[in-house]
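Colleague: The structure is given below, and queries will be raised subsequently.
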Amino acid sequence: MASVLKRKRSDLEDHLINEVKYPDIRIYILPQRIQKTRMDILKKAACKKGFVVEESFSGSVTHVVSQYDSAEKILEALKRKSVENVELVNVNWLTACNTKGKPVTITESYRIKYSNPKEEYKPSDQQPSSNKDVKYICQRPAP
7 MASVLKRKRS
17 DLEDHLINEV
27 KYPDIRIYIL
37 PQRIQKTRMD
47 ILKKAACKKG
57 FVVEESFSGS
67 VTHVVSQYDS
77 AEKILEALKR
87 KSVENVELVN
97 VNWLTACNTK
107 GKPVTITESY
117 RIKYSNPKEE
127 YKPSDQQPSS
137 NKDVKYICQR
147 PAP
């Protein structure tokens, strides 16, 4: 008897099967702090609803979805100093979009803000070390 080999569909094939309803919205999901299974579920659900999900960050990305709570951490993870014309939103925005089946208006509750908007952003390796003044190791800031 000949055995039938079943091939698992790749994400690219899934993406091609699903109709793109919102070509002007390109989403990149930042993988840091998101479990792999949850990320896979979010990607598949977004593709099924008609969103374009990018595998890597590029100039065509319009929305970065992340679990981080500050824009500085996102920029550090992307290894960039700034991003222009890109909305930084939390995972709740993507979940709301998937629930409604269409893009949801980005409100302040979905937007990820800069923790210190007046100060210029410096990557962590360029920030001055304040550990010299700390007497005990438990008082040092966590990375």
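For what it's worth, our numbering labels the leading residue of the sequence shown as 7, then goes sequentially.
Cβ coordinates follow ideal geometry from the N, Cα and C atoms, glycine included.
(1) Is Glu60 a contact residue of the ligand PLP, with contact defined as CB to any heavy atom under 7 Å?
(2) DSSP beta-bridge partners for Leu94?
(3) Can you give me the C-alpha to C-alpha distance between Lys54 and Ile112, rounded to a whole angstrom?
(4) Look at the alpha carbon of Val58 and the alpha carbon of Asn122, and state the distance between them as a whole number of angstroms.
(5) Across which residues does DSSP place Val58 in a beta bridge pair?
(6) When the Cα atoms are used, what is the spatial distance from Asn24 to Pro147?
(7) Are the beta-carbon atoms of Leu100 and Leu48 separated by less than 8 Å?
(8) Ordered along the chain, which non-local residues of its own chain (more than five positions away) have a Cβ less than 8 Å from that of Asn98?
(9) Count the other CB atoms within 10 Å of the CB of Ser72; is the residue buried (16 or more) or exposed (fewer)?
(10) Which residue marks the beginning of the alpha helix (DSSP H) containing Glu114, and which one marks its end?
(11) In whole angstroms, give me the CA-to-CA distance for Glu106 and Cys144.
Modeller: The answer reads as follows:
(1) With respect to the ligand PLP, the structure offers nothing, as it holds no ligand at all.
(2) Locating residue 94 in the sequence shown gives position 88, where the first residue counts as 1. Note: Leu94 sits in a beta bridge opposite Val70.
(3) Position 48 of the sequence shown, counting from 1, holds the residue named residue 54. Position 106 of the sequence shown, counting from 1, holds the residue named residue 112. If you take the alpha carbons of Lys54 and Ile112, they lie about 21 Å apart.
(4) As a position in the sequence shown, residue 58 is number 52, starting the count at 1. As a position in the sequence shown, residue 122 is number 116, starting the count at 1. About 31 Å.
(5) Along the sequence shown, one-based indexing puts residue 58 at 52. DSSP, once it has assigned bridges, lists Arg32 as partnering Val58.
(6) Residue mapping note: residue 24 aligns to position 18 of the sequence shown, counting from 1. Residue mapping note: residue 147 aligns to position 141 of the sequence shown, counting from 1. When rounded, the separation of the alpha-carbon atoms in Asn24 and Pro147 is 46 Å.
(7) To locate residue 100, count along the sequence shown from 1; it is residue 94. To locate residue 48, count along the sequence shown from 1; it is residue 42. In contact: Leu100 and Leu48 (Cβ atoms closer than 8 Å).
(8) Indexing the sequence shown from 1 puts residue 98 at position 92. Same-chain partners within the cutoff: Ser115 and Tyr116.
(9) Locating residue 72 in the sequence shown gives position 66, where the first residue counts as 1. Per the 10 Å Cβ criterion, buried.
(10) Counting from 1 along the sequence shown, the entry for residue 114 is found at position 108. Premise fails: Glu114 is in no alpha helix (DSSP H) and is neither H nor E.
(11) Indexing the sequence shown from 1 puts residue 106 at position 100. Indexing the sequence shown from 1 puts residue 144 at position 138. Looking at the sequence provided, one finds Lys at residue 106 rather than Glu. Approximately 46 Å, taken between the alpha carbons.
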